[in-house]
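Working notes, structure below.
2 protein chains.
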Amino acid sequence: MSLRKKKVSLKDIAQQVGVSTALVSYVLNNKREDRISKEVAKKIRSTAKKMNYRTNQIARSLKTNKTATLGLIVADISNPFFSQLARFIEDQAAAANYTVIFASSDENEQKSQNLINVFLDRQVDGLIIAPAENTKPQIRALQRSATPFVLVDRYFPDLKCSYVALDNFQAAREAVRHLIREGNRRIGLITFKTSFFHINERRNGYLSALREAGIPINKKWIREINMADPAPGIKKAVADMLALPTRPEALFFSTNMLYIQGMIYLRQQGIKVPDEIAIVSFDETEASELFDVPPTYIRQPIREMGQQATRILIENIERRHTRQVHLPGELIINTSSIRR
Amino acid sequence: MSLRKKKVSLKDIAQQVGVSTALVSYVLNNKREDRISKEVAKKIRSTAKKMNYRTNQIARSLKTNKTATLGLIVADISNPFFSQLARFIEDQAAAANYTVIFASSDENEQKSQNLINVFLDRQVDGLIIAPAENTKPQIRALQRSATPFVLVDRYFPDLKCSYVALDNFQAAREAVRHLIREGNRRIGLITFKTSFFHINERRNGYLSALREAGIPINKKWIREINMADPAPGIKKAVADMLALPTRPEALFFSTNMLYIQGMIYLRQQGIKVPDEIAIVSFDETEASELFDVPPTYIRQPIREMGQQATRILIENIERRHTRQVHLPGELIINTSSIRR
DNA sequence: CTGAAAGCGCTTACAG
DNA sequence: CTGAAAGCGCTTACAG
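The listed protein sequences correspond, in order, to chains A and X.
So the first sequence is residues 2 to 341, counted in my numbering.
So the second sequence is residues 2 to 341, counted in my numbering.
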C-alpha cells in the first residue's frame, strides 16, 4: 500500500535552509547567479536535491503564462503518415523543451472545434493542426486568438496563416508524367470527392500532365470516391473502369488508402499489375518490399514537414510572423508502373 | 497583424455582472445550483458567453491539484503497434475528459527517466508506460511517488503494480503448435537477445511447444539478435540457418520487425515460402493482404490493451488499487505457414 | 441566496 | 547580497 506523499515545494526548502522562497527560486532557476553568495546557493541546491524537489510546472505556468506545451491535432494518430509526423514533431519540440499533447479529429468538424477549445483551455503555447474538412471558420477564429499555430499537410489557400505542406500539384503531375513517359495514354484517376484543397491539387496535377501531353481528358476515367464509406466505392470505381470498352492502361490513386483498397480488388480479380494495368500511388506503405507488386509512389518528406512545422511554430511563439512552406514530393519508381 | 488579446477571466465577468468571482465560478461549474437565483445565474452565463470566456485550466489545476492529463510513454510513437495503442488510449481518455501527453523513449533508459520526470513535473494525473529495458528501478521509484501508473505491453513480473499485457507465452506456444500441427518438426526461432520479460516469454512458449511434442531442442535453430543494430544480425541468422546441413522447415519470428527483415532476405535469396520454409510472425503488418506471401501471425488485442490500461489508470486515480491483466493473442492463419 | 478571503506554488519587480 | 510582497486565475470552506 503506497501512501501518497505530499510533494515538496519551494517553501519547504526555504524553511529548511532558512531563506526566502524567492532566493530558492532564483538559485534553482540559475538567475541572478552573480549576486547570490556561493555558500547559500550551494546549500539550497543540496537540500533541494536531498528533499527530492521537483518544480511544479503548473504553478510556474500560471505565473509565467507559458506552458511549454504544443497541441497537435491530426485526423488520426494511428494513421502511419500522422504517427510518423508526430514523431518528428515530438523530437523537434523536445529539443526546444516543449512537450506535445495530441488528439485525433477523425476528419470531424465538431470534434475538431472541440479539440481546439480543449487545447486552448489548457493554455498550449501553440498548435500544429492538420485541419479537417470544412474547418476554415475554426482556423479563421484561431487567427483572431492569441495562440500561434501552423497548419501541416493541409491548408486553405485563401487564409494567410503559417503552413507546411506538400506541393501536391507538382507531385501528382510528376506521377502522371511518369506514366506517360512509360507509354501510357489512357490514364485513370481514382480520388476522393472532397473540398480538401490538397486532394484536389492532386487532381489538378493529373489534369495538367495529360493536357501538356496533348491527351484528351476522359471523364469516365476519373472517379471520385465518397470519403464517408470508401471501400465499396473504390471497388466499384475500379470495376467500372475495367469494364469500359476502352479501359485505362494505367491508374493513378490520389491517396494511399485508395491505392491499398484498389490493389486488393485488382488482386482478387486476378488483374496483372503492371502488365494489364500500371499503377502509381501516394505515400509509402510499410514493408512494401514484400508486396507481390512493389508500388511506384510519391514519397512525402514527412521529416521536413514535421521539423519545419515545429520550428516555425516555436519561432511564432517568440515573435509573430507567418511562413508558408511548400515541400516537393519524390517519385519512387518500382515494379507497379514499369512493364518490361 | 493579429494582436494578442488578453484572455477574459472570472474577474472580468464578475465585474461586468457586478457579483463576486466566487459566484461566477459556482455558476459556470454548475455547483450550488439550487442555492443561486435563476436570474443571476442566467446573467452570468450570458455575459460569459458574450465575452467569450474560457476557463483557464492551468489556474484550475493549481487549485484542484488535478490536471486531467495522462502521460503516455512508449518506445516510439511512429511504430504502428504503439500508434494504434495511442489511439485507443486517446479515445478512452477523452471519454473521461482526460487529455493525453505522449513521448517516445526510444528504448533508452536515460530518456525514459527524463520523460517520467518531465511528466511528473507537469503534474499528470497518471502515467501509461511501455517500459524500456532496464527501467525496473525507475518504475519502482514511481511506485513510491504519488502518481498512479499502469504498464502496457511490457511489465516486470516481480513488481507488484498494475499492467495490461499480452500472454506472450501462450501466444508463442500457439504459434509453434500450429507449425507442428502442419507437420514441421525442425522449427527455428529468431528472437532478440534481451532481458525483456515479454520477449523471453515468447521464447519460452516456443520451447514449451517443442517439448510437449517431444521435439528435441536444437540450439543451432535458435538465434538471438542484437537489438542495437538488428538488420545485419537478422540477415546472418537466417543465412546461417539456411546453410545448416539439417536446416529448419519452419521459422518463428518473435517480433514483427524481425519477421519483415527476415522475409526481405528470404525473398532476395529466392527462397520459396512456405514450400521451402514455413513462417509464423508476430503482430499485424499494414496491407499484408498485398504481400507476395500473406503472413500467418499472432494478432494482439491492441484495442483491449489500450482501453483496459486507460480504464484501470483512471480507476487508480480515483482510488488506489492494482490490477494485472493478461490478454490472449489470436493466431491468424495465412499462406506463409500452409503448404498445399 | 451571496461574498470576502485564503490559498494552490510559483516568479519577479522592487526595496533595502 | 537578500527578502517581503504582489499576483497569476482559479476553487471552496466559511460566514452571514
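Even for Gly, the Cβ is constructed at its ideal location relative to N, Cα and C.
Straight-line gap, residue i to residue j (C-alpha atoms, nearest Å)
i                : j                : result
Arg5 (chain A)   : Asn53 (chain A)  : Annotation note: pLDDT 49 at Arg5 (chain A) (below 50); position unreliable, coordinate value reported separately. Distance between the alpha carbons of Arg5 (chain A) and Asn53 (chain A): 15 Å.
Glu305 (chain A) : Glu134 (chain A) : 24 Å
Gly263 (chain A) : Lys236 (chain A) : 6 Å
Leu291 (chain X) : Leu328 (chain A) : 30 Å
Ile350 (chain X) : Asn57 (chain A)  : With chain X covering 2 to 341 only, the question about residue 350 (chain X) has no answer from this structure.
Pro246 (chain A) : Asn169 (chain A) : 31 Å
Ile313 (chain A) : Asp122 (chain X) : 26 Å
Ile74 (chain A)  : Phe103 (chain A) : 6 Å
Phe198 (chain X) : Arg141 (chain X) : 16 Å
Pro296 (chain A) : Arg46 (chain A)  : 59 Å
Glu225 (chain X) : Asp276 (chain X) : 25 Å
Gln325 (chain A) : Phe157 (chain A) : 11 Å
Leu128 (chain X) : Arg268 (chain A) : 44 Å
Ser289 (chain X) : Pro302 (chain X) : 18 Å
Ser10 (chain X)  : Arg55 (chain X)  : 8 Å
Asn66 (chain A)  : Arg182 (chain A) : 57 Å
Gln111 (chain A) : Leu24 (chain X)  : 30 Å
Ala94 (chain A)  : Ala94 (chain X)  : 23 Å
Arg248 (chain X) : Arg186 (chain X) : 11 Å
Ile278 (chain A) : Gly215 (chain A) : 21 Å
Lys273 (chain A) : Tyr260 (chain A) : 15 Å
Lys137 (chain A) : Glu175 (chain A) : 29 Å
Leu143 (chain A) : Ile315 (chain A) : 17 Å
Residue i classed as buried or exposed, judged by whether at least 16 other C-beta atoms fall within 10 angstroms
i                : result
Ala244 (chain X) : exposed
Asp154 (chain X) : buried
Pro337 (chain X) : This sequence places Ser at residue 337 (chain X); Pro is not what is there. Label assigned to Ser337 (chain X): buried.
Gly184 (chain A) : exposed
Asp126 (chain A) : buried
Arg212 (chain A) : exposed
Thr148 (chain A) : buried
Glu108 (chain A) : buried
Pro217 (chain A) : exposed
Glu34 (chain X)  : exposed
Met2 (chain A)   : Note that Met2 (chain A) scores a pLDDT of 31, beneath 50, so its modelled location is shaky; the value from the coordinates is reported in the next line. By the 10 Å Cβ count, Met2 (chain A) comes out exposed.
Ala173 (chain A) : buried
Asn80 (chain A)  : buried
Ser62 (chain A)  : buried
Ala232 (chain X) : exposed
Asn317 (chain X) : buried
Val72 (chain A)  : Correcting the residue identity first, residue 72 (chain A) is Gly in this sequence and not Val. The residue is buried, with at least 16 neighbouring Cβ atoms inside 10 Å.
Gly19 (chain A)  : exposed
Ala251 (chain A) : buried
C-beta contact flag for residue i and residue j at 8 Å
i                : j                : result
Thr100 (chain X) : Ala69 (chain X)  : yes
Gln323 (chain X) : Ser163 (chain X) : In the sequence under discussion, the amino acid at residue 323 (chain X) is Thr, which differs from the Gln named in the question. Yes. Within cutoff.
Gln16 (chain A)  : Thr48 (chain A)  : no
Ile78 (chain A)  : Ala87 (chain X)  : yes
Asp284 (chain X) : Tyr266 (chain X) : no
Ile333 (chain A) : Arg300 (chain A) : yes
Gly307 (chain X) : Leu167 (chain X) : no
Gln85 (chain A)  : Gln114 (chain A) : no
Tyr207 (chain A) : Val239 (chain A) : no
Val151 (chain A) : Ala310 (chain A) : yes
Glu91 (chain X)  : Ser105 (chain A) : yes
Thr22 (chain X)  : Lys8 (chain X)   : no
Enclosing alpha helix (DSSP H) for residue i [first to last residue]
i                : result
Ile313 (chain A) : 303-319
Glu108 (chain X) : Where Glu108 (chain X) is concerned, there is no enclosing alpha helix (DSSP H), given that its DSSP letter is neither H nor E.
Ile261 (chain A) : 257-269
Ser62 (chain A)  : 58-65
Ile342 (chain X) : Residue 342 (chain X) lies beyond the range of chain X shown here (2 to 341); nothing can be said about it.
Continuous beta strand (DSSP E) stretch holding residue i: start and end
i                : result
Tyr298 (chain X) : 297-300
His327 (chain A) : 325-328
Ser338 (chain A) : Taken as a continuous stretch (DSSP letters only), Ser338 (chain A) belongs to no beta strand (DSSP E), as it is neither H nor E.
Glu91 (chain A)  : Careful: Glu91 (chain A) lies outside any beta strand (DSSP E), inside the alpha helix (DSSP H) at 81-96.
Ala15 (chain A)  : No beta strand (DSSP E) contains Ala15 (chain A), which is instead part of the alpha helix (DSSP H) from 11-18.
Arg224 (chain X) : 223-227
Tyr99 (chain X)  : Taken as a continuous stretch (DSSP letters only), Tyr99 (chain X) belongs to no beta strand (DSSP E), as it is neither H nor E.
Next on the checklist: Taking contact to mean 3 or more Cβ pairs, one atom from each stretch, closer than 8 Å, check whether the stretch 26-41 of chain A and the stretch 90-105 of chain A are in contact.
Outcome noted: no
Checklist entry - Is there contact here, the stretch 308-322 of chain A with the stretch 269-285 of chain A, by at least three beta-carbon pairs under 8 Å? => result no
Next on the checklist: Check whether the stretch 189-203 of chain A and the stretch 255-262 of chain A touch, using three or more Cβ-Cβ pairs below 8 Å as the test.
Outcome noted: yes
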